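Engineer: If you scroll down you'll find the structure; I have some questions about it.
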Amino acid sequence: MTAFGPYAGTEVVEFTAALDAGIFGIYGETGAGKTTIFDGISFALFGQSSGAERSAEDMICHHAHATDITKVELVFDLGNERYVVQRVPKQQRAALRGSGTTTEPHQAYLFRATGMPLAEIAGDNLGDVVAEKQVNKVDPEIEALLGYNAAQFRQIVLLPQGDFRKILTAPSDERSPILKRLFDVQMYERFADRIKRDAADLYRQINDDRVRRDTHLGNLSEEQLADEIGSMGEEVSSLETTVKAETETLVQCQKALSAGEGLAEKFEARGAAETEKATLESASEVVEETKSRLAKARAAQIVLVAESAMRAAGEEAGAAQTRHATAKVSLSSAQSALSVAQEALNRTEQQKDNRDAAHAKVLELERFEKTLGQSRTLLADLEAAKLATKSAVEKQATAERNRTNAEQTLTTLRNLQKEQPAHVRTLQEAGNVLAAVEREAEALGRYETAKSRRGLQAGEVDRLQTEYERRSAHLEVCKTALERAEQDLTEIQALHVARKLLPAEPCPACGSLDHPNPAIGDPERRGRHDQFEQASRELRSAERDEIEAKTALAAARSSLTERQTELDALDRPERDRQSLDPVLAEARDRRIALEADARFVDLESKIATAETAAGETTSHYEHARQEVSEARDAETRAQTSYDTLLRDVPENWRQGGALASALSAAVSAQGELVAAHETAINGEKAAAVALSAAEQGEMSAVADVDRTAQAFTNAQAEFTERLGTAGLDEAGLKVAKADVAQSDALEEQINSFNERVAANKAQLERLANEIGDRSPPDVEALTAAKESAQSKLETSQQTHTRLQRDLEAKLETQRKVEALSARITTLEAEYGPVGGLADLVNGNNERKVRLPDFAIAAMFDEVLVAANQRLAPMTGGRYQLLRPEDAVGGRQKRGLDIAVFDANTEKSRPTKTLSGGEGFQASLALALGLSDVVQQNSGGIKLDAIFIDEGFGTLDEDTLNTALETLYELTNDKRSVGLISHTEQVKSMITGGFDIEVTPSGSHIHTRRSAA
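Printed below as a string of structure tokens:
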């Protein structure tokens, strides 16, 4: 075992010698870790502790170093085969890199080591792999080899002697919990609870469906509902025949009314057509005048083209005169400009010497500028050399600082390396504390959630109760409104019938000739049927809402019961949220603060990097010193080259830009002289070209004047000719121009008038043929007949609709009731056997015994039989254990009490009358009996060793001697016995085995040497 329970290091327990001795002890103080040895065996085989009360995570040692991994390895023999099982529980361990932690998953390994000596089984030499790493593969292999599960193994190997002593002496009400813990009847408890829940679910469904069915039926039975549906069906069929006959009558009346209305419309149309004819005849003179205006406008369109051409020719002739005058002015200006340009050219020819002197000055200054340009390159080299020297000096200083900083960083990291183990341990402890508090917080969260859900469901029940009461009240309001609307509708129908009553004629409703008290009032009130329809719809909606609310309330109450059951099943937390949250926050903050400490992250890598950096910075410093010396030599060479180049340049032109200013002025002066001469040459050339162009332009303008004058004369002759051809003078043309733009509109007016005349004539002829010799119809009489037939049909249809709707509602109710009845029958058939079984296993039987208690009693009887086979040899056949029978209600019933039958007295007596040694023998027989029964029932391998946990501390010397003699007798059955005790008396009598030493750094196991 490594870092397991109280064992901080690796502890090896070699059982071979102890088992060969037959009987041995495991001794140590309370809490030293005696039972932890068997926790290790049970955990290695099954991943559970020996008492199933501690989780695997609880087995992690808190004394161990943070980097140690909790691990258990067990070597065991089955017949001639040898196996090795190794298991690692889920745990938090220090990360391989950095200062954080990581989760190590639960892992298991199984090896076959047959033929390998124990001394050779170590490290990676564990045998051939059977199954590895995945727990769900290793566990089935181990269980198949042993033939036991974890619970059975605990019952067979580690005998809780103290519990069986309590069974002998405890009162009946305290004996049952002990037996439940020993026999593990959870399977029966779960079965009984599940059957009970299933039966309750079915019973609740049956009750809910009955409530829904009764709600749909109201005060009726299913037979009464069927009778009502049959009666309503006959009434609906009779009304359908009446509606069909009245519909045919209404169709005939509608046809007669439609024909009369059509003939009346034709008489009206003929009168309107005759009126329009007179209107058209009176407008014929205006139309003739419009035709004359249109003819003149068409003639004027031909003349307007020639007039427009004449006007354009006149405008072009005037423009030609203007262009000729402009050309003569331009010619005079060009002649003057040429004379001025020739004078300017003569003046610049006289300044040739000045231009040559300015050119020589520029050449000299450019030579000096070139020399200064070359010196600037050398000056830049000199400045660069100075900067290089300065940079080299700064680099040397920086390299020296870097070397000092690197040495300080390396020293700091090496100090942190010494602090790292303590930091890792602190971090792991904080993680363990946080995990425990988080588990408590999760349990509190589940409890608060269940409590909140129960509270919310209680509020929902209250809300649904209020909603159900509101909907029930609304249903009563809707019923009253429907009754009132139905009464109003009946009165309106009576008024319609009364209006049609005539003296000495039969009543259309009852056929009587006497009408002593006809209904009176306003028969034209509209909307009564709509109000009745609306009230009917609202009533049906209210009925559905009331049923839904009732059903929802019943379901909510059932859910509230379930929520309360869920809450009752949870343990009440020891601390509330207000007390626990600060503790949880403090644990998380401490864990986060420790994990956030980045100083230890990749510390080894940081140290290696720092060592490298320290060496590199020292090298950089030596290199920087060499660079300073070389830079100063280069600066001296650059200064000498610069001074040599500038010897020929006057001192006053070396600095401040004086040379550049003088050169710029000389270049400017030379440029001005050259530019003035070139400008004069170009000016003279441009003036000569402009004069030639002006002369050519004046000649072209004269030709344009002659051409445009002739064109204007021709256009005037064309206009006069066309005006005569059109038969118009200039005054008539002016009047006709106004109608040219409207000629299309005038033509449209004439065509429209002609079309109206033709259409009016055709309409009068058609109407004369259609009317013939018929007279105008009486439309009012036809309308009255149609309305009367329609009123009768509406009354019958309304009655039919109401009855049909009521019938459909009844049929829908019948379908729902039949479906619910069928479902209730099915559920009742299903509930029968389930409910009976639920009653049987939950104590509602003749013996009033629940299934788990019955299972305990049956297993207890089996254990007593096996225990008596052990007890008889121990006591020389004197004692046997039994369960006494009690008379209850005239029946013999056996409870969980134990009595002992004494063969010497041939009587039974309570087990508490046994002496100390006899009681130990009886309790040991019970423990061995349980082990024998479990092995026999499971079919597993017989184990050659058992361990008895405590039970010796309260025995006197004589009783202890008797107990040890009994245990020695067990070794004769080739079975080794290990005793777990902390008493000195047992330790002095059984010297072989193991001692467990408790130290501040954890417990340690030492092998004892037998006195023999």
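Going by this note's numbering, the sequence shown opens with residue 4, and the numbers climb by one from there.
The C-beta atom is built at its ideal place from N, Cα and C for all residues, glycine as well.
The structure presented is a predicted model; accordingly, all values stated were derived computationally and were not measured.
Below 8 Å CB to CB, which residues in the same chain sit around Lys740 once its five sequence neighbours on both sides are set aside?
Structural biologist: Taken in chain order, the residues that qualify are Ala303 and Leu307.
Engineer: Under the DSSP definition of a beta bridge, which residues are partnered with Pro913?
Structural biologist: Paired residues: Ala902.
Engineer: From this set, Arg881, Ala906, Asn848 and Leu843, which residue's C-alpha is nearest Asp196's C-alpha?
Structural biologist: For Asp196, the nearest C-alpha among the options comes from Leu843.
Engineer: Leu341 by DSSP, collapsed to three states: which one?
Structural biologist: Reduced to three states, the DSSP call for Leu341 is helix.
Engineer: Tell me the DSSP secondary structure of Asp707 in three-state form.
Structural biologist: Of the three classes helix, strand and coil, the one that applies to Asp707 here is helix, per DSSP.
Engineer: To the nearest angstrom, how far is the alpha carbon of Arg90 from that of Ala825?
Structural biologist: Approximately 58 Å, taken between the alpha carbons.
Engineer: Quick one: Cα of Glu654 to Cα of Arg404, how far?
Structural biologist: Going by the C-alpha atoms only, they are around 46 Å apart.
Engineer: Per DSSP, which residues does Ala111 bridge with? Please list them.
Structural biologist: According to DSSP, Ala111 bridges with Arg90 and Lys136.
Engineer: Compare the C-alpha of Ser339 against each of Cys256, Gly686, Ala363 and Arg456 and name the closest.
Structural biologist: Of the listed residues, the one whose Cα sits closest to Ser339 is Gly686.
Engineer: Give the single residue among Glu310, Thr452 and Thr786 whose Cα lies nearest to the Cα of Leu573.
Structural biologist: Here the closest residue by C-alpha is Thr452.
Engineer: With three or more C-beta pairs closer than 8 Å as the rule, is the region 17-25 touching the region 73-82?
Structural biologist: No, they do not touch.
Engineer: Taking the Cβ atom as the reference point for each residue, do Phe156 and Phe41 lie within a distance shorter than 8 Å?
Structural biologist: No.
Engineer: Anyone know if the C-beta pair for Ser799 and Thr245 falls short of 8 Å?
Structural biologist: A contact, by the Cβ cut-off of 8 Å.
Engineer: When DSSP labels each residue in this structure, what does Phe863 get in the three-state scheme?
Structural biologist: If DSSP states are grouped into helix, strand and coil, Phe863 belongs with the helices.
Engineer: Note down, in chain order, each residue of its chain lying with its Cβ closer than 6 Å to the Cβ of Thr914, except the 5 sequence neighbours on either side.
Structural biologist: Only Leu171, Ile901 and Val903 meet the Cβ criterion.
Engineer: Fully enclosed by the region 267-330, which alpha helix (DSSP H) runs are 4 residues long or longer?
Structural biologist: Counting whole runs of 4 or more residues, the region 267-330 contains no alpha helix (DSSP H) stretch at all.
Engineer: Just mark Gly920 as buried or exposed, buried being the case when its beta carbon has 16 or more other beta carbons within 10 Å.
Structural biologist: So Gly920 ends up on the buried side.
Engineer: Starting from the C-beta of Thr878, find all residues in its chain whose C-beta is less than 8 Å away, skip the five residues before and the five after it, and write them out in chain order.
Structural biologist: Answer for Thr878: Glu921 and Gln924, listed in chain order.
Engineer: So for Gln883, helix, strand or coil by DSSP?
Structural biologist: Of the three classes helix, strand and coil, the one that applies to Gln883 here is strand, per DSSP.
Engineer: Taking the runs of the beta strand (DSSP E) that are 3 residues or longer, which of them lie wholly in the region 15-54?
Structural biologist: DSSP runs (the beta strand (DSSP E)) wholly in the region 15-54: 26-30.
Engineer: Can you find at least 3 beta carbon pairs, one from the region 274-294 and one from the region 717-735, that sit closer than 8 Å?
Structural biologist: Taking 8 Å as the limit for Cβ pairs, the verdict is that the region 717-735 does not touch the region 274-294.
Engineer: Taking three-plus beta-carbon pairs below 8 Å as touching, is the region 385-397 in contact with the region 626-643?
Structural biologist: Verdict: yes, contact present.
Engineer: Is Gly1005 closer than 8 Å to His66 when the C-beta atoms are compared?
Structural biologist: Contact flag set, yes.
Engineer: For the putative contact between Val678 and Met313, defined by C-beta atoms under 8 Å, what is the C-beta separation to the nearest angstrom?
Structural biologist: Before going on, a small fix: residue 678 reads as Ala here, not Val. The pair is not a contact, with the Cβ atoms about 58 Å apart (cut-off 8 Å).
Engineer: Does the distance from the C-beta atom of Ala538 to that of Arg474 stay below 8 Å?
Structural biologist: For Ala538 and Arg474, no; Cβs fall outside 8 Å.
Engineer: Among residues of its own chain, excluding the 5 on either side of Val464, which ones have a beta-carbon nearer than 8 Å to its beta-carbon?
Structural biologist: These residues qualify, in order along the chain: Leu556, Ala559, Arg560 and Leu563.
Engineer: Do Val866 and Val936 have their beta-carbon atoms positioned less than 8 Å apart in this structure?
Structural biologist: Cβ atoms of Val936 and Val866: closer than 8 Å.
Engineer: Can you tell me whether Tyr645 is helix, strand or coil according to DSSP?
Structural biologist: In this structure, Tyr645 counts as helix in the three-state DSSP scheme.
Engineer: Is it true that the region 362-381 meets the region 699-712, where meeting means three or more beta-carbon pairs spaced less than 8 Å apart?
Structural biologist: Contact fails: fewer than three Cβ-Cβ distances are below 8 Å.
Engineer: Taking only three categories from DSSP, how would you classify Thr374?
Structural biologist: Of the three classes helix, strand and coil, the one that applies to Thr374 here is helix, per DSSP.
Engineer: Judging by CA-CA distance, which residue of Val87, Pro180 and Ala316 is the nearest neighbour of Leu148?
Structural biologist: Out of Val87, Pro180 and Ala316, Val87 has the C-alpha closest to the C-alpha of Leu148.
Engineer: Span of the alpha helix (DSSP H) holding Leu597?
Structural biologist: Arg580 to Glu598 is the extent of the alpha helix (DSSP H) around Leu597.
Engineer: On the criterion of 16 or more Cβ atoms from any shown chain inside 10 Å, does Ser984 qualify as buried, or is it exposed?
Structural biologist: By the 10 Å Cβ count, Ser984 comes out buried.
Engineer: Let me know if Tyr191 comes out buried or exposed under the rule of 16 or more other beta-carbons within 10 Å of its beta-carbon.
Structural biologist: Flag for Tyr191 reads buried.
Engineer: If you follow the beta strand (DSSP E) that Ala6 is part of, which residue opens it and which one closes it?
Structural biologist: Looking at the DSSP string, the run of the beta strand (DSSP E) that includes Ala6 is Thr5 to Phe7.
Engineer: For Ala689 and Leu736, I'd like the C-alpha separation in whole angstroms.
Structural biologist: Near 57 Å, if we compare the C-alpha coordinates of Leu736 and Ala689.
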